[in-house]
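*Asks:*
Here it is as C-alpha cells:
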C-alpha cells in the first residue's frame, strides 16, 4: 500500500507527501446511557449521535506518529467536557489519578480503532 498526505487548498490538491493523516473524533457517554439501539450502531455514527465530538487531526510517517497525539488530545478534551457535565449534575469530581487512567484507556482504544 502507498499512503500519502494530500495538501489541499480550497478542496484542490496542491501537493502530496509520504505519510498518514488521522482524523480522530471522540465522545464520552456514561455506560448507563448507552441504550441497546445505540450499541448496534457503528462507532463513527455513535460518536456523532450522542453529541458534539472532540475532533483532532494528526499527520506523520507512521500510524503511531499520526494517531497517538490526536487521540490523546481528543480523549482529554472529551473526558474533561464530560466530567464538567457530571459535576453539574451530581457534584461528583473525579480525582486526577483516575482521570488520567480514563484518558489513557480512551487513548489506547482510540489508537487501536
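Residue numbers (this note's numbering): 27 to 139.
No residue lacks a Cβ here, since even glycine has one placed at the ideal position from N, Cα and C.
Taking the runs of the beta strand (DSSP E) that are 3 residues or longer, which of them lie wholly in the segment 59-124?
*Replies:* You should have 80-86.
*Asks:* Could you check if residue 53 is buried or exposed, using at least 16 other CB atoms within 10 Å of its CB as the buried criterion?
*Replies:* Taking the chain shown and counting its residues from 1, one reaches residue 53 at position 27. Classification of residue 53: buried, given that the 10 Å Cβ count is 16 or more.
*Asks:* Is the number of C-beta pairs between the segment 81-99 and the segment 40-48 that are closer than 8 Å three or more?
*Replies:* Enough Cβ pairs lie closer than 8 Å, so yes.
*Asks:* Would you mind reading off the limits of the beta strand (DSSP E) that contains residue 41?
*Replies:* What you label residue 41 is simply residue 15 of the chain shown in a count that begins at 1. Element bounds for residue 41: 38-44.
*Asks:* I'd like to know whether the C-beta atoms of residue 69 and residue 139 end up nearer to each other than 8 Å.
*Replies:* The residue you call residue 69 lines up with position 43 of the chain shown. The residue you call residue 139 lines up with position 113 of the chain shown. Yes, Cβ-Cβ distance for residue 69 and residue 139 is below 8 Å.
*Asks:* Helix, strand or coil for residue 57? Go by DSSP, reduced to three states.
*Replies:* The count along the chain shown starts at 1 and reaches residue 57 at position 31. Residue 57 falls in the helix class under three-state DSSP.
*Asks:* By Cβ distance below 8 Å, which residues in the same chain neighbour residue 42 in space, the five residues on each side in sequence not counted?
*Replies:* Translated into positions along the chain shown, residue 42 becomes position 16. So the list reads 30, 31, 32, 33, once near-sequence residues are dropped.
*Asks:* On the CB-based measure, 16 or more other CB atoms within 10 Å of its CB, does residue 126 come out buried or exposed?
*Replies:* Reading the chain shown from its first residue, position 100 is the one you call residue 126. Answer is exposed; the Cβ neighbour count stays below 16.
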